[in-house]
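In the numbering used here, the protein residues as written are 2 to 257.
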């Protein structure tokens, strides 16, 4: 960890606080929007250090999301994903050992744009007359390994697994509440599992946790705002916002 709370200027702290609030909003309203938070943290902090600071913030958001949507999770989908995600986390850990900041940003940005493109193409090719039941998409079990590995890799390398999993859940036909409940449990479990890896890589230490302690309270108002907003967002707009946030996050990483 190369930076501590005492090295942050008031303007930088305000940017990080706004990004932490957006984490809370994304966890309870528009999953994938926290790619903007990822970009803000990477802009204010060194890219590698930013992943260690952001992880506890994300876990706080995950806890709030689970408390809000825990009854809407589709566990068969989660069990299909976890083995592939575990493999992706291991690959991501190895990647972090040698990759520099530039390689990390370019790789993750390219993956996010690829996932958004694939999802848009599939949705246009197979426009459904009626929505499917959550998790019953015929191809969901076949797509789980590829999306799971990519999700595990991107979440380990840059805390950017949200957009990949968002694309998977949208392509599997999830409706709004099922989407939010399933992703809430998924990321709480996966992000908690990443903590020992991040500590071992030196991404989380006393300095990063001190900065987290100052930022984590900003997650709560974001989550409350997201819970208020989600009931006022229709399904079509919800899907467009998720895909749009994914594309924006990918472009930010590539162009920074």
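Beta carbons are placed, not taken as given, at the ideal position from N, Cα and C, and that holds for glycine.
Of 170, 239, 47, the smallest CA-CA separation from residue 79 is found for 170. A direct Cα-to-Cα measurement between residue 41 and residue 83 gives close to 29 Å. Residues 177 of the same chain have their beta carbon placed closer than 6 Å to that of residue 239, with the five preceding and five following residues left out of the count.
For the 9 Å CB-CB criterion, residue 183 and residue 90 do not form a contact.
Out of 230, 59, 206, 15, the CA that lies nearest to the CA of residue 44 is found in 15. Close CB contacts of residue 248 within its chain, under the 6 Å cut and outside five residues either way in sequence, are with 117 (chain order). In this structure, residue 86 keeps its C-beta atom at 9 Å or more from the C-beta atom of residue 158. Contact holds between the stretch 54-66 and the stretch 189-206, because three or more Cβ pairs, one in each stretch, are under 8 Å apart.
Minimum Cα-Cα distance from residue 60 among the listed residues 233, 242, 224 corresponds to 224.
Residue environment for residue 8: exposed (fewer than 16 other C-beta atoms within 10 angstroms of its C-beta). In the three-state reduction of the DSSP assignment, residue 90 falls in the helix class, which pools H, G and I. Contact check for residue 167 against residue 52 fails: the beta carbons are separated by 9 Å or more. Non-local C-beta neighbours of residue 74 in its own chain, meaning closer than 6 Å and more than five positions away in sequence, comprise 182, 183, 186, ordered along the chain. If the five residues before and after residue 227 are omitted, its C-beta is found closer than 6 Å to the C-beta atoms of 26, 29, 30, all from its own chain and listed in chain order. In this structure, the alpha-carbon of residue 76 lies about 16 Å from that of residue 148.
DSSP, read as helix, strand or coil, puts residue 31 in coil.
Counting only residues of its own chain and dropping the five nearest sequence neighbours on each side, residue 72 has a CB closer than 8 Å to the CB of 182. If you look at residue 61, you'll find it in the alpha helix (DSSP H) that goes 48-70.
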